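Colleague:
2 protein chains.
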Amino acid sequence: MGEFFRVRSPSELLAEMDRFASTGEEVVPLEEALDRVLSRDVLCPHDLPPFARATMDGYAVKASDTFGASESLPALLQVVGEVPMGEEPDFSMGAGEAARIATGGMLPSGADAVVMVEHTQVVDESTVEIYKSVAPGEHMVSKGEEARAGERILPEGWVLRPQDVGLLAALGMDRVWVHRRPLVAILSTGDEVVPVEVVPPPGKVRDVNSYCLGALVRRWGGIPVHLGIVPDSPQELEARCREGLERADFLLLSGGSSVGSRDYALKVILSLDGSEILAHGVAIKPGKPTLLASVGGKPVLGLPGHPVSASIVFAVVGRPLLDRLSGRRFAHRPRPIPARLARNLASAQGREDYVRVTLEERDGELWAKPVLGASGLIATLVRAEGVIRIDAQAEGLERGSLVEVEWWG
Amino acid sequence: MGEFFRVRSPSELLAEMDRFASTGEEVVPLEEALDRVLSRDVLCPHDLPPFARATMDGYAVKASDTFGASESLPALLQVVGEVPMGEEPDFSMGAGEAARIATGGMLPSGADAVVMVEHTQVVDESTVEIYKSVAPGEHMVSKGEEARAGERILPEGWVLRPQDVGLLAALGMDRVWVHRRPLVAILSTGDEVVPVEVVPPPGKVRDVNSYCLGALVRRWGGIPVHLGIVPDSPQELEARCREGLERADFLLLSGGSSVGSRDYALKVILSLDGSEILAHGVAIKPGKPTLLASVGGKPVLGLPGHPVSASIVFAVVGRPLLDRLSGRRFAHRPRPIPARLARNLASAQGREDYVRVTLEERDGELWAKPVLGASGLIATLVRAEGVIRIDAQAEGLERGSLVEVEWWG
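Chains as they are written, first to last, in the working numbering: chain W, 125 to 533; chain G, 125 to 533.
#1: Kindly say whether W/ASP477, judged by its beta-carbon, lies nearer than 7 Å to any beta-carbon of chain G.
#2: Assign G/PRO494 to one of three DSSP states: helix, strand, or coil.
#3: If you reduce the DSSP assignment to three classes, tell me which class G/MET141 lands in.
#4: If we define contact as Cβ-Cβ less than 7 Å, is G/GLY327 a contact residue for chain W?
#5: Let me see if you follow: with CB-CB separation under 7 Å, is W/HIS456 close to chain G or not?
#6: At which residue ranges does the region 338–395 of chain G contain complete alpha helix (DSSP H) runs of 4 or more residues, listed in the order of the chain?
#7: Less than 8 Å between the CB atoms is what I'm expecting for G/PRO428 and G/GLY411, so what's the real figure, rounded?
#8: Below 7 Å on C-beta distance, what does G/GLN245 contact in chain W?
#9: Less than 8 Å between the CB atoms is what I'm expecting for W/TYR335 and G/VAL289, so what's the real figure, rounded?
#10: Where does W/MET125 fall in DSSP's three states?
#11: Please list the residues of the region 208–242 of chain W that have a C-beta atom closer than 9 Å to any C-beta atom in chain G, keeping them in chain order.
#12: In the DSSP assignment, what residue or residues form a beta bridge with G/HIS535?
#13: Please list, in chain order, all residues of the same chain as W/ILE393 whose beta carbon is under 8 Å from its beta carbon, the five residues on each side excluded.
#14: Give the residues of chain G in contact with W/ALA271, contact being defined as C-beta atoms less than 7 Å apart.
#15: Considering G/ARG154, what are the terminal residues of the beta strand (DSSP E) in which it resides?
#16: Looking at the C-beta of G/SER381, does it have a partner C-beta in chain W at a distance below 7 Å?
#17: Using 10 angstroms around the beta-carbon of G/THR251, count the other beta-carbons present and answer buried if the total reaches 16, otherwise exposed.
#18: Does any residue of chain W have a CB that is nearer than 7 Å to the CB of G/GLN202?
#19: Could you work out which residues of chain A lie near W/ARG285, taking near to mean beta carbons separated by less than 7 Å?
#20: So, is the C-beta of W/THR482 closer than 7 Å to a C-beta in chain G?
#21: Report the rounded CA-to-CA distance for G/VAL207 versus G/GLY218, giving the unit in angstroms.
#22: Note the first and the last residue of the continuous alpha helix (DSSP H) segment covering W/VAL241.
#23: Return helix, strand or coil for G/SER499, following the three-state DSSP convention.
#24: Can you pull out the residues from the region 169–193 of chain W whose beta carbon lies closer than 8 Å to at least one beta carbon of chain G?
#25: How about W/LEU376 and W/TRP282: do their beta carbons lie closer than 7 Å?
#26: W/LEU154 and W/ASP298: beta carbons closer than 7 Å?
#27: Check whether chain W comes within 7 Å of G/GLU316, counting only Cβ atoms and requiring the distance to be less than that.
#28: Anything in chain G within Cβ reach of W/TYR388, meaning under 7 Å, just list it in chain order.
#29: Compute the beta-carbon to beta-carbon distance between G/LEU469 and G/ILE514, rounded to the nearest angstrom, for a pair I have assumed lies under 8 Å.
#30: Can you pull out the residues from the region 427–459 of chain W whose beta carbon lies closer than 8 Å to at least one beta carbon of chain G?
#31: In angstroms with no decimal places, state the Cα-to-Cα distance between G/PHE128 and G/LEU390.
#32: How many whole angstroms separate the CB atoms of W/ALA237 and W/PRO260, which I take to be in contact at a CB cut-off of 8 Å?
#33: Just to confirm before moving on: does the CB-CB distance between G/VAL204 and G/GLU221 stay below 7 Å?
#34: Cα separation between G/SER381 and G/ALA434?
#35: Measuring straight from C-alpha to C-alpha, what distance separates G/GLN473 and W/LEU284?
#36: My parser needs the beta strand (DSSP E) runs of 3 or more residues fully inside the region 262–346 of chain W; what are they?
What follows is the structure, encoded as structure tokens:
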């Protein structure tokens, strides 16, 4: 096994990553903006809502006219009109006056609250009894209550969720400036790897990583560009790496589980113009034989061949790289779940361990149960609900320790 | 306000939903299978892995030959060959023999463990010293360790995550049978609603729901079909409802915050062939004015006009409907986060309350802080990190109560 000459911790690698940045911006229609990343701050173009609206069916009133009103001592108000739905009322209101209004209706000027219809009684054509006092602002939303004109309502780098898309609609943004989704070239290496549709002859394995990594790239905001499989040949590997760097913003190599291909990868990447090795070896398990380089300003990440190791390294190192390239600064990932560890776990000091776990409820508490099995076994990640991290300083964790389970999927 | 004549609880509605089922199946290439739902059980076509493989670089051995081996008393084994990467070894191994092997290499028959290269020393061309004993199965994966031929490895109804895509690749499934994604027609109603690109005149509001609901439909596995906005006219509403039911598998109406349009929706849906009202009014807040019907076997869901109410009702009622239509039975949603409630919350008995919250860490504990604001204010859902549910039996929750925060976004 070749020696690793520049072993780095994940946090050291994170510090190197700010050299990589968004690959550009584009405009998309709002219908397609879900999960895209804002490339510009969104400023509120006008007060939102732009006018005061009723949130209940009832009567628009001056709140002060209802003070002290009750079932036994109702306030008597003069009905001066009805607010037509979707239109600006053509009257304003003075003291002692009320106007019929439906939910969503625009409050006439002079009104500062709404009394629910349930708390009123029509006396005659022009008079209504009010049985309950309301505070100013009750059963209505005020002009500018969501946001004021000019306010920064969403920042650059924000990943758009359904509710954010709704907010942009409310602001009238039918098109949105977003960061371009980075193209990620994916290359599997190794004489032992065959395409998925092939029945592998004895000794060979199917190309799991291209699919697994492609799906992770999609999940985390990139567009996979599949370059296929390259055998253990430095010439071919170099040609495909050049192709990947031309076609994409980020090059992912996986494999080389054989000694030979591991060495090729490093030599080939060193031979490319403008290459700089940022890490050769990362202090995590699984995943030590990881290679990170910058080639002509684009990141190149060499992942171990085992699918579980490749997935975990891609989560720990590749995802933050994708975040930089896609401008994601606010990604709204679900928080980790606190749980108790179901058995002792050993761990070597000086490296971070990532352990697949299932979650089980016992006596009202969640327990994280490590999933055993080699990192070549993708089914172990299928069975897992998440992953826990054991700190590089720890020598292991005892049964019952509180851990945080990072959701996986 | 019209009366609700068939108010149902969310759990009563869930019980009604099994009448709706998957809208069909199709085949997709594995590269596009992420987040799709398996429409058939996946059986393992052969043992996985199909042969025993080394998981470390070193020597394939018979474990029994290494028993008792140590630095001071190494076992001496005869090297009978080297396993070529990606090929079936052309030799088998007997007692006292070893073979060089790299990670991923196929174990020769007769071998049942691998000794790491670090624990060996070459003596000469044909002899190696072993410094550490290994147990049978150590540093290797066995044939069939992931799954046995014929075993059901993923069930129908499973939503495919990246690791599942990897597993299907390992099984050689370059194409996958999945449930068709249901088409969901989305119609906004109300004289007060204008298209997003229009600057709303006083009294009117932009069509937030079409976008917000469209994004939620996408998020939860459907394909939105935008039908636009229909004014408060029973004739037009009927025509657009018929169009929606022809073009899609599920019809979503939103709005009618005005009294008139609320009544139209019910009448129009009752007038359609084969319509059956499953709920008129749902016992949740926000969201009571919700209408659920079956028309010719397709679900029709009428949502309140306020964007927050519409989103919450769509999560509570619409998402399980989408689950039925898309065959999703195992959806791997992130678990809710336990937190303590940061202030008292009142709630009426007999209805479920859904409260937007932010999460804040204080003294090592997570606190859920209710986000105040009318359900017409979409920005309140943008500020929220999740939603908590107050049970229909509860009259409210006290500050400090343990709540579960359902992640939102």
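Here a beta-carbon is modelled for each residue, glycine too, at the ideal position from N, C-alpha and C. Small disclaimer: the values here were computed from a predicted structure and weren't measured.
Modeller: Let me spell this out:
#1: No, W/ASP477 does not count as interfacial toward chain G.
#2: strand
#3: helix
#4: Closer than 7 Å to some Cβ of chain W, the Cβ of G/GLY327 qualifies, so yes.
#5: W/HIS456 counts as touching chain G.
#6: Taking 4 residues as the minimum length, the alpha helix (DSSP H) runs contained wholly in the region 338–395 of chain G are 358–371, 383–395, in order along the chain.
#7: With a Cβ gap of about 6 Å, G/PRO428 and G/GLY411 count as contacting.
#8: Simply none; closest approach about 15 Å.
#9: 5 Å
#10: For W/MET125, the pLDDT reaches just 40, beneath the cut-off of 50, and the residue's location in the model is therefore unreliable, although a value from the coordinates is still provided. It is coil, neither helix nor strand.
#11: Of all residues in the region 208–242 of chain W, PRO208, MET209, GLY210, GLU211, GLU212, PRO213, ALA226, THR227, GLY228, GLY229, MET230, VAL241, GLU242 have a Cβ within less than 9 Å of some Cβ in chain G.
#12: In the structure displayed, chain G extends from 125 to 533; residue 535 of chain G sits before or after that span and is not available.
#13: CYS365, SER399, ILE401, LEU415, ALA417, VAL419, VAL424, GLY426
#14: Close partners of W/ALA271 in chain G (Cβ separation under 7 Å): ALA503.
#15: Looking at the sequence shown, residue 154 of chain G is not Arg but Leu. Element bounds for G/LEU154: n/a, residue is neither H nor E.
#16: Low local confidence applies: a pLDDT of 47 at G/SER381 is under 50, so the model's placement there is unreliable, and no value is given.
#17: With fewer than 16 Cβ atoms within 10 Å of its Cβ, G/THR251 is classed as exposed.
#18: G/GLN202 is outside the set of residues whose beta carbon lies under 7 Å from a beta carbon in chain W.
#19: Here the protein chains are W and G, and chain A is not one of them.
#20: Not one beta carbon of chain G lies nearer than 7 Å to the beta carbon of W/THR482.
#21: 15 Å
#22: From DSSP, W/VAL241 is part of no alpha helix (DSSP H); its letter is neither H nor E.
#23: coil
#24: LEU172, PRO173, PRO174, PHE175, ARG177, THR179, ASP181
#25: no
#26: yes
#27: yes
#28: None at all; the shortest Cβ gap to chain G is about 13 Å.
#29: Indeed, because the Cβ distance is near 7 Å, the residues count as touching under 8 Å.
#30: GLY429, HIS430, PRO431, SER435, HIS456, PRO458, ARG459
#31: 10 Å
#32: 6 Å
#33: Pairing G/VAL204 with G/GLU221 gives a Cβ-Cβ distance under 7 Å.
#34: Per-residue confidence for G/SER381 stands at a pLDDT of 47, beneath the threshold of 50, marking its modelled position as unreliable; the derived number appears in the next sentence. Their Cα atoms are separated by approximately 11 Å.
#35: Taken atom to atom, the span from the alpha-carbon of G/GLN473 to that of W/LEU284 is near 35 Å.
#36: 276–278, 299–303, 307–313
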